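Protein chains in written order, with the numbering used here: chain A, 1 to 229; chain B, 1001 to 1229.
To start, the structure under review is shown below, and the notes come after it.
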DNA sequence: AAAACATCTATTGTATACAATAAAGCACCT
DNA sequence: AGGTGCTTTATTGTATACAATAGATGTTTT
């Protein structure tokens, strides 16, 4: 089998390992496995219906993604995120995804632009009714749009590092707390980003993306870190 | 055993796994395992004197650090780095380590400043004789200085991500190609960085660090990517 | 009674045996 | 002769058994 350049560095676990990774990760994201909780390999093995070997594989991957901490001879613990951690995550994501936008401006193809535009259009429809926005569709299209941008940036390492930031529980939960107005502005950013990319203006694209991420951070703060608490 | 906050996310492999990781990584860095080369678990096992299980652990960690690519059901391959990859590495390192410098400016302790100053002084001695600089000492002190800065930034995630950038073969080899003048300027940057941190000037510290990393990138380019090939 | 030590137990780390998979080689068919 | 499909084989993936480790518990000693 040929090793394609675009696969480089992509962590691909095999059946049982991938299954375990997905299950444990999901439990962490939805809170079933609480921050600080100790994860015993045996328990996870029976939970996932596989042996301890792929569980260990999965735990190492989750540790690389900072979902858990593995302490030798002691086990794995679910990580928790202080307000400071969260600020870091958004700041770094702003820098790196801004850089991705800048790179993409001079590399993106027509096809990729079309995909991003289609995603923005889909979001437009999903949020058309302010009373009951289609959050599922929003999340899916949002994900596609950002993934396409990262792909257009065409940097394996950038992609890998960004992957470690955008999959965080904290980031995933953010969008679910958006108000209709927030959703509107978010997609306005998307549209402006596409315009900047079409114009081939890397500086504009980067600035728009940085604003987009920082706006998201403030939404998160208001929702989960109210001033008096 | 208590889980200390500063350990969070730190990948700590146990005896056999750590041994395997270190051995394989070293072979990649010094070129004994060439880019593109396929790594067979059985061979690595006998090379490292352990069984396949810790080898697999080590390979997954090496994949997380982008030293190798693991393709399911096919094996691991040593990654290679195109000029574009290398540019990415340095650009991202500039952004992230610049951010670390900025954060450190308002958080660094006197002790940490002392350590950085001592490192800079040690480098000063090591490069005092332009005819035969003490590269070993330079590398060790340089490493201590940068590690101390990252620690002073006090961000687990930032530390983790930077760790993935500064340990690259490409980065490690760069310093060995420095001319005496390059070494001098490099340590001038270090001293200026310390001054900026002492002054608590995050913007200055960040700018100095960005310059420092970009200067290193140009040195690398001149040494390994001459204009005509 | 408190502290230090030894033992015990729960859990992770490692090795090995077996299963699944995919590439390679060969035969067979067209 | 060339290509397609099967068989073979080399290699990775998974499970399980065993070893090592660290924490807990209970005992002993001062």
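Beta carbons: idealized from backbone N, C-alpha and C, even for Gly.
For clarity, every value in this text was computed on a predicted model and none was experimentally measured.
Counting only the same chain and skipping the five closest in sequence on each side, list residues whose C-beta sits under 7 Å from that of residue i.
i: residue 168/A; result: 89
i: residue 197/A; result: 104, 105, 108, 113, 205
i: residue 174/A; result: 216, 219, 220
i: residue 201/A; result: 105
For chain B, find out if any of its Cβ atoms is closer than 8 Å to the Cβ of residue i; answer yes or no.
i: residue 221/A; result: no
i: residue 114/A; result: no
i: residue 208/A; result: no
i: residue 155/A; result: yes
i: residue 28/A; result: no
i: residue 99/A; result: yes
i: residue 234/A; result: It is not possible to answer for residue 234/A, since the shown part of chain A is limited to 1 through 229.
i: residue 158/A; result: yes
i: residue 39/A; result: no
i: residue 91/A; result: yes
i: residue 85/A; result: yes
i: residue 134/A; result: no
i: residue 43/A; result: no
i: residue 57/A; result: yes
i: residue 188/A; result: no
For a cutoff of 8 Å on Cβ pairs, would you count residue i as touching chain A?
i: residue 1061/B; result: yes
i: residue 1174/B; result: no
i: residue 1162/B; result: no
i: residue 1096/B; result: yes
i: residue 1211/B; result: no
i: residue 1088/B; result: yes
Quick one: Cα of residue i to Cα of residue j, how far?
i: residue 1222/B; j: residue 1087/B; result: 13 Å
i: residue 22/A; j: residue 134/A; result: 25 Å
i: residue 211/A; j: residue 160/A; result: 22 Å
i: residue 1059/B; j: residue 1144/B; result: 27 Å
i: residue 1111/B; j: residue 1199/B; result: 15 Å
i: residue 34/A; j: residue 77/A; result: 9 Å
i: residue 61/A; j: residue 79/A; result: 14 Å
i: residue 1082/B; j: residue 1102/B; result: 30 Å
i: residue 1041/B; j: residue 52/A; result: 19 Å
i: residue 120/A; j: residue 94/A; result: 20 Å
i: residue 84/A; j: residue 1154/B; result: 10 Å
i: residue 191/A; j: residue 1070/B; result: 37 Å
i: residue 1214/B; j: residue 1100/B; result: 15 Å
i: residue 1017/B; j: residue 56/A; result: 13 Å
i: residue 46/A; j: residue 24/A; result: 12 Å
Below 8 Å on the Cβ atoms is my contact criterion, and I expect residue i with residue j to pass it. Report the Cβ-Cβ distance as a whole number of Å.
i: residue 96/A; j: residue 158/A; result: 6 Å
i: residue 1208/B; j: residue 1189/B; result: 6 Å
i: residue 1048/B; j: residue 1019/B; result: 6 Å
i: residue 1148/B; j: residue 1116/B; result: 5 Å
Excluding sequence positions up to five away, which residues of its chain have a Cβ less than 8 Å from the Cβ of residue i?
i: residue 1127/B; result: 1133, 1134, 1138, 1180, 1183, 1184, 1187
i: residue 229/A; result: Here the model assigns residue 229/A a pLDDT of 46, short of 50, so the residue's position is not dependable and the matter cannot be decided.
Within a Cβ cutoff of 6 Å, which residues of the same chain sit near residue i, ignoring the five residues on either side of it in sequence?
i: residue 123/A; result: 138, 141, 187
i: residue 1224/B; result: none
i: residue 1177/B; result: 1223
Residue ranges of each alpha helix (DSSP H) within the segment 1177-1201 of chain B, 4 or longer: Every alpha helix (DSSP H) stretch that sits fully inside the segment 1177-1201 of chain B and reaches 4 residues is listed by chain position as 1180-1198.
What runs of the alpha helix (DSSP H), each 4 residues or longer, lie entirely inside the segment 2-79 of chain A? Entirely contained in the segment 2-79 of chain A, the alpha helix (DSSP H) runs reaching 4 residues are, in chain order, 15-29, 41-48, 52-64.
Where are the alpha helix (DSSP H) runs, 4 residues long or more, that stay fully inside the segment 1096-1132 of chain B, in chain order? Complete alpha helix (DSSP H) runs here, min 4: 1110-1126.
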